[in-house]
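Sequential numbering from 2 applies to the sequence shown in the numbering used here.
Data block below; observations after.
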Amino acid sequence: MDRGGIGSGKPLRVVFCHYTSDICGGSDRSLFDIVTHLPRDRFAVAVILKRGDPMAARYRAHDITVIETTLVPPRKALDPIKLAHFFLAYPVSVLRVAWTIHQLKADVVHVNTLYNLVGPVAAKLARRPLVWHVREMDPGSRVVRLLLRIVAILATRAVAISNAVADSMNDCGPRLRTILNGIDLSEYDDRPDAQFLREELGIPTDVPIVTTVGRLEPWKGQHVLIEAIPRVLEYHPRAKFLIVGGPAVNKPEYEPMLRKRCEELGISQQVLFTGIRADIPTVFSASNVLVLPSATPEPFGRTIVEAMAARCPVVATAAGGPLDTVVDGETGFLVPANDPAAMAEKIIAVLDNPAGAREMGEKGRARAYECFSLDRLVREMGVILDEAAVSGS
Numbered sequence: 002m003d004r005g006g007i008g009s010g011k012p013l014r015v016v017f018c019h020y021t022s023d024i025c026g027g028s029d030r031s032l033f034d035i036v037t038h039l040p041r042d043r044f045a046v047a048v049i050l051k052r053g054d055p056m057a058a059r060y061r062a063h064d065i066t067v068i069e070t071t072l073v074p075p076r077k078a079l080d081p082i083k084l085a086h087f088f089l090a091y092p093v094s095v096l097r098v099a100w101t102i103h104q105l106k107a108d109v110v111h112v113n114t115l116y117n118l119v120g121p122v123a124a125k126l127a128r129r130p131l132v133w134h135v136r137e138m139d140p141g142s143r144v145v146r147l148l149l150r151i152v153a154i155l156a157t158r159a160v161a162i163s164n165a166v167a168d169s170m171n172d173c174g175p176r177l178r179t180i181l182n183g184i185d186l187s188e189y190d191d192r193p194d195a196q197f198l199r200e201e202l203g204i205p206t207d208v209p210i211v212t213t214v215g216r217l218e219p220w221k222g223q224h225v226l227i228e229a230i231p232r233v234l235e236y237h238p239r240a241k242f243l244i245v246g247g248p249a250v251n252k253p254e255y256e257p258m259l260r261k262r263c264e265e266l267g268i269s270q271q272v273l274f275t276g277i278r279a280d281i282p283t284v285f286s287a288s289n290v291l292v293l294p295s296a297t298p299e300p301f302g303r304t305i306v307e308a309m310a311a312r313c314p315v316v317a318t319a320a321g322g323p324l325d326t327v328v329d330g331e332t333g334f335l336v337p338a339n340d341p342a343a344m345a346e347k348i349i350a351v352l353d354n355p356a357g358a359r360e361m362g363e364k365g366r367a368r369a370y371e372c373f374s375l376d377r378l379v380r381e382m383g384v385i386l387d388e389a390a391v392s393g394s
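Dropping the structure here:
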């Protein structure tokens with residue numbers, strides 16, 4: 002095959018394979034940013050998505066080739082019928098994707114997320130180099146440990162989105178690269194007018210806003226923040242708390258549980274469940290502090306960088322990705338996981354000291370632009386794709 006890439010005078014042909022069930026996930030947004038910002042003179046890109054993926058239209062709007070096909074979703078539950086369907090459909094899905102990779106004359110295949118089990122095998126079947134981008138971590142999960150072993154076996158290059166994720170991938174040896182996530186900071190170049198949001202939600206200008214953003218599911222820890230709220234209200238009784246995000250597909254019972262707990266604690270009037278919002282820069286501009294209350298380690302924590310870019314101080318759990326993003330005491334505070342009292346203490350500390358909070362916000366913004374820009378992410382990903390192409394399958 003006539004390959005592109007370094008020394009050929011032709012763009013490197015990269016096929017990205019991604020399975021998602023959630024258009025609002027960080028993995029979807031991060032991949033979209035990478036694909037749409039890789040320089041076209043160096044990379045010719047195409048994306049394989051599951052049939053009906055709503056992200057397809059967004060890629061096509063950027064003149065990206067999109068192939069929609071049947072991607073068998075991973076099965077985390079041991080339901081016999083669903084497992085039987087998986088094992089019957091999986092080989093067909095792999096063969097279909099391998100043929101697509103061949104037809105596209107890919108030089109490199111990039112697989113996004115650990116749970117995409119079709120793309121890696123299809124890449125190997127098509128005898129193409131594989132870059133496997135790992136965005137998950139769960140040290141206590143045997144399934145995750147097994148999948149990481151598969152990464153170590155199949156990947157030409159493995160990419161971890163944080164040092165915490167990389168620590169769980171030692172089996173990959175010298176093929177492992179840590180590339181911290183980056184975001185498109187252009188949305189934060191100008192400060193949005195937060196007054197519109199306050200008017201929409203009925204929150205006066207002088208009322209502090211504490212915000213958390215993320216899918217509503219237990220590991221994200223919104224229940225930990227709710228337990229911290231009564232303590233915060235003792236010191237800031239007018240404060241409002243925004244819980245931004247929609248329910249995870251497999252955890253529909255979690256949001257009603259959160260609402261019920263707010264009623265039990267007598268804080269329902271102070272807590273607003275906003276659902277999914279598209280105006281996140283405005284949300285952060287209106288907020289006095291972002292809380293990332295993850296109950297188990299966050300692989301990266303994209304919302305932290307977004308908040309810092311918006312000059313919003315952060316209170317986050319001291320595990321996983323936040324250890325890479327938050328400078329404790331400078332851009333925000335790190336607290337132990339599942340500790341509502343410690344979380345409340347640091348939220349109060351931010352709200353008690355507006356001048357200190359403004360200084361934290363400015364330092365956070367500087368750090369976001371210095372360390373977590375999309376330009377840096379795309380540049381480093383380009384190097385990895387070139388390395389994989391040179392190394393071969």
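Heads up, the beta-carbon is just placed ideally off N, CA and C, and yes, glycines get one too.
Selection from the options that minimises the alpha carbon distance to residue i
{"i": "residue 232", "options": "37, 349, 114", "result": "349"}
{"i": "residue 29", "options": "10, 14, 13, 55", "result": "55"}
{"i": "residue 166", "options": "58, 48, 298, 212", "result": "298"}
{"i": "residue 351", "options": "211, 215, 251", "result": "211"}
{"i": "residue 73", "options": "57, 81, 52, 65", "result": "52"}
{"i": "residue 242", "options": "17, 249, 291, 217", "result": "291"}
{"i": "residue 360", "options": "328, 215, 377", "result": "328"}
{"i": "residue 270", "options": "202, 93, 58", "result": "202"}
{"i": "residue 322", "options": "83, 340, 294", "result": "294"}
{"i": "residue 45", "options": "66, 93, 280, 222", "result": "66"}
{"i": "residue 315", "options": "347, 296, 113", "result": "347"}
{"i": "residue 138", "options": "120, 362, 114", "result": "114"}
{"i": "residue 147", "options": "160, 128, 161, 169", "result": "169"}
Same chain only: Cβ atoms within 8 Å of residue i, ignoring 5 sequence neighbours per side
{"i": "residue 197", "result": "283"}
{"i": "residue 319", "result": "329, 335, 336, 337, 338"}
{"i": "residue 130", "result": "108, 109, 110, 124, 157, 158, 389, 390, 392, 393, 394"}
Cutoff 7 Å; reference residue i; Cβ partners in own chain excluding five residues on either side
{"i": "residue 325", "result": "163, 164, 181"}
{"i": "residue 189", "result": "282, 310, 311"}
{"i": "residue 354", "result": "none"}
{"i": "residue 382", "result": "35, 180"}
DSSP-derived helix/strand/coil call for residue i
{"i": "residue 38", "result": "helix"}
{"i": "residue 127", "result": "coil"}
{"i": "residue 174", "result": "helix"}
{"i": "residue 393", "result": "coil"}
{"i": "residue 226", "result": "helix"}
{"i": "residue 192", "result": "coil"}
{"i": "residue 153", "result": "helix"}
{"i": "residue 145", "result": "helix"}
{"i": "residue 106", "result": "coil"}
{"i": "residue 68", "result": "strand"}
{"i": "residue 50", "result": "strand"}
{"i": "residue 31", "result": "helix"}
Whole-angstrom distance between residue j and residue i, CA atom to CA atom
{"i": "residue 418", "j": "residue 357", "result": "Within the shown structure, residues of the chain are numbered from 2 to 394, placing residue 418 beyond reach of any answer."}
{"i": "residue 13", "j": "residue 43", "result": "6 Å"}
{"i": "residue 384", "j": "residue 342", "result": "44 Å"}
{"i": "residue 205", "j": "residue 304", "result": "24 Å"}
{"i": "residue 237", "j": "residue 301", "result": "30 Å"}
{"i": "residue 391", "j": "residue 175", "result": "15 Å"}
{"i": "residue 141", "j": "residue 91", "result": "26 Å"}
{"i": "residue 247", "j": "residue 278", "result": "9 Å"}
{"i": "residue 17", "j": "residue 125", "result": "14 Å"}
{"i": "residue 31", "j": "residue 136", "result": "10 Å"}
{"i": "residue 133", "j": "residue 19", "result": "11 Å"}
{"i": "residue 61", "j": "residue 153", "result": "33 Å"}
{"i": "residue 268", "j": "residue 230", "result": "8 Å"}
Strand pairing of residue i, partner residues [DSSP]
{"i": "residue 306", "result": "The partner list for residue 306 (beta bridge, DSSP) is empty, contrary to what the question assumes."}
{"i": "residue 212", "result": "243, 291"}
{"i": "residue 334", "result": "316"}
{"i": "residue 217", "result": "248"}
{"i": "residue 274", "result": "244"}
{"i": "residue 329", "result": "333"}
{"i": "residue 111", "result": "17, 132"}
{"i": "residue 374", "result": "184"}
{"i": "residue 423", "result": "One cannot answer for residue 423 here, as it falls past the ends of the chain, which runs 2 to 394."}
{"i": "residue 299", "result": "321"}
{"i": "residue 161", "result": "135, 179"}
Close-in-space but distant-in-sequence residues of the same chain around residue i (CB under 6 Å, 5 per side omitted)
{"i": "residue 288", "result": "210, 212, 313"}
{"i": "residue 256", "result": "217, 248"}
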